[in-house]
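Chains as they are written, first to last, in my numbering: chain E, 142 to 622; chain Z, 4 to 867.
The beta carbon of each residue, even a glycine, is placed where N, CA and C say it ideally should be.
Okay, so here's the structure we're looking at.
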């Protein structure tokens, strides 16, 4: 290319900024577009990023969410909600008054009550009750708020997972991470705003709709990061293309795109140019993110991580690294909590195993965020799609069925009141008797902490303004610091 | 005046149930009585009430009852609100009852619930009205008297039909063409409507796009495949006056048209190859996809297309194809998770069919009325379940769908013969049941944990129970599982024989269909949408705000419903369907909310144009190709798509259509286009779904890994619409470009613009393959001049040559790549996927790199 042509391309580049400003300004994509001055061009480029940060409805308490999703339904009766009375009544048929209008996945109405085999104790200055299964989480009792009175609407795994993630028991609605990035964008400039990580023997039931964007633009859907190899699909250059040649490639693509932009004036092309630049940055930032060997040995040990082997521990550490880099919403799935009482799904050895897999890393995440001064800005949520029944299942080993009326979760950081337990269940642990927190209430509360009013965060689809909380949801005031 | 309260009530209300003169004298009499003696007065009052209740002078609904209802009840029980599905603003509503069933029994006071509710004596419902004072004794007595006398309502009061003046519900008439001054810009009737509006706004249309752009545009829109350079040349040089019309006729006759427009329909049909939800097992319904493609290609009229899909099984002597067509509503999800209530998910599937029908045909969000009266549109919850009833009466079987070839070759007979042999052996095996069970129980404890983990949830659940605790389904599951083991085959030779026979049983394609049940399933209103809380029974019917339904049967059927959807007097279906066509050709519908023509939807930008197209569609005998032809030959469609600065100021979203729109290609078409440009695209039509290459690691995020044996030969390069679609883990490059998730109907695809798309186009192995194939083709031509080759590459990718700047940039790129690869020949070999280095590698790699750049440009994935 000769000098004159270089000049032409350069001119086109300037035209690009100017035209794109006019086009986008007309579409009112952002108030910044009315600015002028030395940085206007760069800001114009920023406005081509649909994930750019947007102001919340009111001053937020938190900036990020890390949701530790315990897929399968952890047993609250073994972990957070001791029931001495249930212990006493073990072996008796549950009173009919409890189950007359209830449906279960597997249980019959005449199932017998089952006490726990686990010991509970009080921990920390706050004296919160946690079972022996989770010693590390017990050690952060003063930093977490335990909710014993969660309830949900549906008792099969797939629909219940959709419900916990999207506030609706069928497919097609946006997930919480999608709603939040739609609402306030992301501060990550070279990583996705909503990332999903996975550990455990299998992926979560239902798959991609759990982090889908539903009717929201695809831009807001969760991006799965794999623990092995390239974390994002197609992140690696093709064989024979090194970083330098990939750089040439991106530059050439964008040069041609700018020429086309100058010809057609279509602002979509400006967005595409920005997308190629971000993709190129992601190609180095994502592997850099995944490489946890640059953490201190002390940190790696705190989590119990092993850089060579994907695990929940690695994912907790990655979650912290993502949030450090501005990612708005990180969701970690850990599967294998579905303890029905089959040889490999029972409440003794297999429960111990999964508890051991998550206990230290989850607690380490809270401790690590705290010592880095990030816990104030980050909400950590721990829990599954439902809990487990006070009745045992008539199988060969100890097990419980899915329970939707009452189960336990915990939250920490980001404006959540620390060292409290809210909600109370009846003597059998069957129904909440105080401070019932429905999934919609949990969603309303998390949005509230992020500075979003769940009644106002809406999207019009098929003639209706949809919300994450559907037509319900109240902010749980007792959870707020 | 110090009248006691009872008298006051009598005065204000009893007037309505007695002739005036008699009442006046009674009142005067009472008045005198009361003045004299209160006790006697009260007795007299009671007498009067009794006298009214048993009045031989029959109470009139309009004169006596309706005013009471209007005063106390109609605030909530009116046509718009219909609390509990009950209307009390009109006599018919009172007779019909609400969600909970009848509220009165004519002539039977004791069994008329309304009276109990008004008195606060009902077990379930609180005393009505919930706010304000309860009805007076006298008012209740009036209603009671009316019921006792037979609850007669005049004809005019029986009408429950809802009226609405909303535009979309109005009868369709063909508007006349508005006059325009720019007659030179008119190609057909469509242009009159568009130009008239532009004229009113003082705007000029854009010039016609150049010929190369036009052929590329119309090829991508009608076929989803770009024109070849030879086709572009021929069209550009075709001087005949009807060159455009000839081109369009050729494209409409191409089998690729059925693929392109069939795929649009599959979006609406939520087509996928798996069951969805948690287990997401595979399903076989690709025959339905074939049917859609064939129907579109054959020019089947849209009304027939609809009737066969909704009720092909109910047509007289239905053909196999007509049965397969009913797959439209079999594309709903199936939940195979252990411990599910199958009725719950069946009901959800029927609800999805109602929602889909509403959105796809009527542009109505019927689904909003599943739990309560529609908040905006005049559709009651009762009406929702009346529509539900049409779709609630089918079984959902699978049928053999052999090809004529398979039938002719006797494959079906051979299969049936083998099945007969299997049956004989099954019977013989059943005679050894006791011994079989004994062996099975010996085997069960020996199941290895690794094997156990691989078993489906229901099987695991069954194994967790003792034999006598298993139900029949569970017993059968374990028996079948045991039969697959060596232990069973050794102990019972019959088990092995059966397995061997099964192995040679020819596979015949099947398809999922609807079959109407002989015995009607009762449909009830589900209170608050809860299928466990069943209210009043309803008969199949349609929303009363719309045109009426014709039926010859005592109860309207699904077939009647199908015919109603495409009846000539349906005001919605033709408007909704042509609007969706328009959306596909312009990127935006005339009604922007293509799935909502109700009160909340956006009004049409060109209402007369919409009506003209819709009326034309019906008048043409629902001829889809005719409407497509009219649209793509209009001057409006043929305009250039370049933004015009003066337009961007006044019409940034191009609603006035003073230009065409640049539209990013659909996900499948992006890949089809790359394959076509690279010369790799297979043109085979139909058949089972295929497995092109995909990146590794897709199934880490699903419950079960899915089988994916990457195809190697032709099936590797089939059109994107044939790619196997797993709902829980869809093909990633499709999803990156906004293909629908296929869980619910999709009437408009989002067009996002994301870095993940860039990564896909830049690095995905399929796109590298296409770039390489294109480079091979360009190098195969006998010109060795970089500038000429750059020209060729541009022609292939964009149906146009490069401008000066583009040409020099491309030549510069090739030169730089050539230098770089010369310094690193191994990289060249790697890029082109060579097994051992070859002297031609560097040149091929340099042109592959250049092709890759062009295939990543915005223009490559955009219809200009």
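- With a threshold of 16 other beta carbon atoms within 10 Å, residue 379 of chain E meets it and is buried.
- Note on residue 606 of chain Z: under 16 other CB atoms within 10 angstroms of its CB, so exposed under the neighbour-count rule.
- Counting the other Cβ atoms within 10 Å of the Cβ of residue 825 of chain Z gives fewer than 16, which makes it exposed.
- Contact between residue 616 of chain E and residue 208 of chain E is ruled out by a C-beta separation of about 18 Å, above the 8 Å threshold.
- Assignment of residue 580 of chain Z by DSSP, reduced to helix, strand and coil, places it in the helix class.
- In the three-state reduction of the DSSP assignment, residue 757 of chain Z falls in the coil class.
- Between residue 305 of chain Z and residue 339 of chain Z, the CB-CB gap reaches or exceeds 7 Å.
- Under the DSSP definition of a beta bridge, residue 397 of chain Z partners with Z:519.
- Between residue 609 of chain E and residue 588 of chain E, the beta carbon gap of about 7 Å places them in contact (Cβ cut-off 8 Å).
- A residue is called buried once 16 or more other Cβ atoms fall within 10 Å of its Cβ, and residue 394 of chain E is buried on that count.
- Residue-level contact by beta carbon fails for residue 548 of chain E and chain Z, as no gap is shorter than 7 Å.
- The distance from the Cβ of residue 724 of chain Z to that of residue 262 of chain Z is about 6 Å, consistent with a contact at the 8 Å cut-off.
- If the five residues before and after residue 132 of chain Z are omitted, its C-beta is found closer than 6 Å to the C-beta atoms of 75, all from its own chain and listed in chain order.
- Residues of chain Z whose Cβ lies closer than 7 Å to the Cβ of residue 417 of chain E are, in chain order, 761.
- For the pair residue 337 of chain E and residue 329 of chain E, the Cα-to-Cα distance works out to about 15 Å.
- For the C-beta of residue 463 of chain Z, the chain E residues within less than 7 Å are, from N- to C-terminus, 483.
- In this structure, residue 570 of chain Z sits away from residue 670 of chain Z, with a CB-CB distance that is not shorter than 7 Å.
- In the assembly as shown, residue 472 of chain Z is an exposed residue. Its beta-carbon has fewer than 16 other beta-carbons within 10 Å.
- The C-beta separation of residue 95 of chain Z from residue 163 of chain Z comes to about 5 Å, placing the pair in contact by the 8 Å criterion.
- In this structure, residue 688 of chain Z keeps its C-beta atom at 7 Å or more from the C-beta atom of residue 381 of chain Z.
- Across the set E:413, E:315, E:570 and E:486, the C-alpha of E:413 shows the shortest separation from the C-alpha of residue 667 of chain Z.
- Between the alpha carbons of residue 485 of chain Z and residue 446 of chain Z lies a gap of roughly 8 Å.
- About 4 Å separates the beta carbons of residue 850 of chain Z and residue 778 of chain Z, which is inside the 8 Å limit, making them a contact pair.
- In the displayed model, residue 146 of chain Z falls within a helix according to three-state DSSP.
- For residue 830 of chain Z, at least one C-beta of chain E is nearer than 7 Å to its own C-beta.
- Closest by C-alpha distance to residue 492 of chain Z, out of Z:459, Z:443, Z:234 and Z:681, is Z:443.
- Look at the region 607 to 681 of chain Z and you find no whole run of beta strand (DSSP E) that is 3 residues long or longer.
- The beta carbons of residue 557 of chain E and residue 620 of chain E sit closer together than 7 Å.
- Separation of the CB atoms of residue 770 of chain Z and residue 344 of chain E is rounded to 26 Å, and the pair is thereby denied contact status at 8 Å.
- Leaving aside the five residues that flank residue 701 of chain Z on each side, the residues in its chain whose CB is nearer than 6 Å to its CB run, in chain order, 732.
- Between residue 98 of chain Z and residue 91 of chain Z, the C-beta gap is not smaller than 7 Å, which leaves the two residues out of contact.
- Under a criterion of Cβ atoms nearer than 9 Å, the residues of chain E adjacent to residue 371 of chain Z are, in order, 603, 604 and 605.
- Burial check for residue 385 of chain E: the Cβ neighbour count within 10 Å stays below 16, so the residue is exposed.
- Bounds of the beta strand (DSSP E) holding residue 291 of chain E are 285 to 292.
- Looking at the DSSP output, residue 340 of chain E bridges to E:475.
- Residue 704 of chain Z has a beta carbon lying within less than 7 Å of a beta carbon in chain E.
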